[in-house]
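Let me begin by presenting the structure, written as structure tokens, before commenting on it.
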Amino acid sequence: MLKKPLLIKVSLCCIGFLAFVFALNAVGGPYLNAVFSKEASVVSQPKKKVMYLTFDDGPSQNTPEVLKILKKYKIHATFFVTGAELDYASYIKQAYEEGNVIGIHSYSHEYDEIYQSESAYLEDLRKTSDLILEQTGHKTNLFRFPGGSSNTVSRHYSPSIITALTKKLTACGYQYYDWNASNGDGNPNLDSNTLVNQALRETKGLDEVMMLMHDGTGNHATVEALPILIEAFQKQGYTFEVIQTGTDGFHHHIAN
Ligand code: ZN
Numbered sequence: 596m597l598k599k600p601l602l603i604k605v606s607l608c609c610i611g612f613l614a615f616v617f618a619l620n621a622v623g624g625p626y627l628n629a630v631f632s633k634e635a636s637v638v639s640q641p642k643k644k645v646m647y648l649t650f651d652d653g654p655s656q657n658t659p660e661v662l663k664i665l666k667k668y669k670i671h672a673t674f675f676v677t678g679a680e681l682d683y684a685s686y687i688k689q690a691y692e693e694g695n696v697i698g699i700h701s702y703s704h705e706y707d708e709i710y711q712s713e714s715a716y717l718e719d720l721r722k723t724s725d726l727i728l729e730q731t732g733h734k735t736n737l738f739r740f741p742g743g744s745s746n747t748v749s750r751h752y753s754p755s756i757i758t759a760l761t762k763k764l765t766a767c768g769y770q771y772y773d774w775n776a777s778n779g780d781g782n783p784n785l786d787s788n789t790l791v792n793q794a795l796r797e798t799k800g801l802d803e804v805m806m807l808m809h810d811g812t813g814n815h816a817t818v819e820a821l822p823i824l825i826e827a828f829q830k831q832g833y834t835f836e837v838i839q840t841g842t843d844g845f846h847h848h849i850a851n
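If you're matching positions, the sequence shown starts at 596 in this note's numbering and goes up one per residue.
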């Protein structure tokens, strides 16, 4: 049996604690959920919106302009590079040193050469990998197939080559990346307005975007569209990230 003063103290203490919990619940329900339920804290977090800007087919004379824009907005992108215009190769080094990620695209980017055989593709990949190593001092295991992994052009040169290459290269630790949205600049005749509109249309409702763009010779409209798109995506709450080992590949259905 508790003595009376002690009983009062204990009762007051209990009432105080209950009042505290009640108040906390009233003003800080989400906080309490986060503290007492791990699951609830996961559910209550708004989904993070992530945008991976990717540029294929460079470097070219358009690459320094793209780099300047990325720098201005303090964001980074991933460049899948070629050896098609070696005069601009030093922009691979500059892009890398400014915090962007460099992946392998193709040395020649000639479909009829690289998709002729597995060995032809692997030789082209090795040459691009060496070019990147030369410019950055680092080897990369990230690559993107010319035409994407779903391309059917390769079928004309070598049936099942993409299926075989994905198996072989994945087993060697390489990771390939496709995309789930594009600004449409694969067609170099489109103007910047059209590119902006297509990119906004294709990203509508997506929380995670792997955006295909190009910084090759014919892609100046992409440079013009880029600041408009970056600002639009920022307004929509996207954060810009670069591809790293382990980033989801946004893989297409392999058709060959
Ligand atoms: Zn390409």
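For each residue, glycine too, the CB sits at the ideal point set by N, CA and C.
Would you tell me roughly how many angstroms separate the C-alpha atoms of residue i and residue j, rounded to the nearest one?
{"i": "Pro754", "j": "Phe740", "result": "15 Å"}
{"i": "Val661", "j": "Lys667", "result": "10 Å"}
{"i": "Tyr752", "j": "Lys762", "result": "19 Å"}
{"i": "Gly811", "j": "Thr658", "result": "8 Å"}
{"i": "Val837", "j": "Glu692", "result": "14 Å"}
{"i": "Asn746", "j": "Ala850", "result": "7 Å"}
{"i": "Leu790", "j": "Thr840", "result": "29 Å"}
{"i": "Met808", "j": "Gln730", "result": "22 Å"}
{"i": "Tyr706", "j": "Gly698", "result": "18 Å"}
{"i": "Lys722", "j": "Tyr702", "result": "6 Å"}
{"i": "Trp774", "j": "Gln793", "result": "14 Å"}
{"i": "Asp786", "j": "Val696", "result": "27 Å"}
{"i": "Ala776", "j": "Lys643", "result": "18 Å"}
{"i": "Val748", "j": "Gln640", "result": "43 Å"}
{"i": "Ile756", "j": "Asp725", "result": "23 Å"}
{"i": "Ser712", "j": "Lys830", "result": "46 Å"}
On the DSSP bridge assignment, give the partners of residue i in chain order.
{"i": "Asp651", "result": "Phe675, His809"}
{"i": "Ser744", "result": "Its beta-bridge partners do not exist; DSSP assigns none."}
{"i": "Ala776", "result": "Met806"}
{"i": "Tyr771", "result": "Phe738"}
{"i": "Val645", "result": "Glu803, Thr834"}
Which class does residue i belong to by DSSP, given the choice of helix, strand or coil?
{"i": "Gln831", "result": "coil"}
{"i": "His846", "result": "coil"}
{"i": "Glu803", "result": "strand"}
{"i": "Val837", "result": "coil"}
{"i": "Asn851", "result": "coil"}
{"i": "Leu785", "result": "coil"}
{"i": "Tyr668", "result": "coil"}
{"i": "Glu693", "result": "coil"}
{"i": "Pro754", "result": "coil"}
{"i": "Gln793", "result": "helix"}
{"i": "Leu627", "result": "Low confidence applies to Leu627: its pLDDT is 41, below 50, so where it sits in the model is not reliable, and the reading given next is rough at best. Leu627: helix per DSSP, three-state reduction."}
{"i": "Lys633", "result": "Annotation note: pLDDT 43 at Lys633 (below 50); position unreliable, no value reported."}
Following the continuous alpha helix (DSSP H) through residue i, name the residue where it begins and the one where it ends.
{"i": "His700", "result": "Element bounds for His700: not the alpha helix (DSSP H) but the beta strand (DSSP E), 696-701."}
{"i": "Asp707", "result": "706-709"}
{"i": "Tyr683", "result": "Tyr683 -> no alpha helix (DSSP H), and no H or E assigned at all."}
{"i": "Gln730", "result": "713-731"}
(message) Give me the pocket residues for ligand 3, defined as CB within less than 6 Å of any heavy atom, sorted by chain position.
(response) Although ligand 3 was asked about, the structure shown includes only ligand 1 as ligands.
(request) Spell out a yes or no on whether the stretch 816-828 and the stretch 711-723 are touching, meaning 3 or more CB-CB pairs, one atom from each, closer than 8 Å. (result) no
(message) Can you confirm whether the stretch 789-799 touches the stretch 750-769 when touching is taken to mean that 3 or more C-beta pairs between the two stretches lie within less than 8 Å?
(response) Contact between the stretch 750-769 and the stretch 789-799 is absent, because fewer than three Cβ pairs lie under 8 Å.
(message) Tell me whether the stretch 686-702 and the stretch 644-656 touch, counting them as touching only if at least three CB pairs, one residue from each stretch, are closer than 8 Å.
(response) yes
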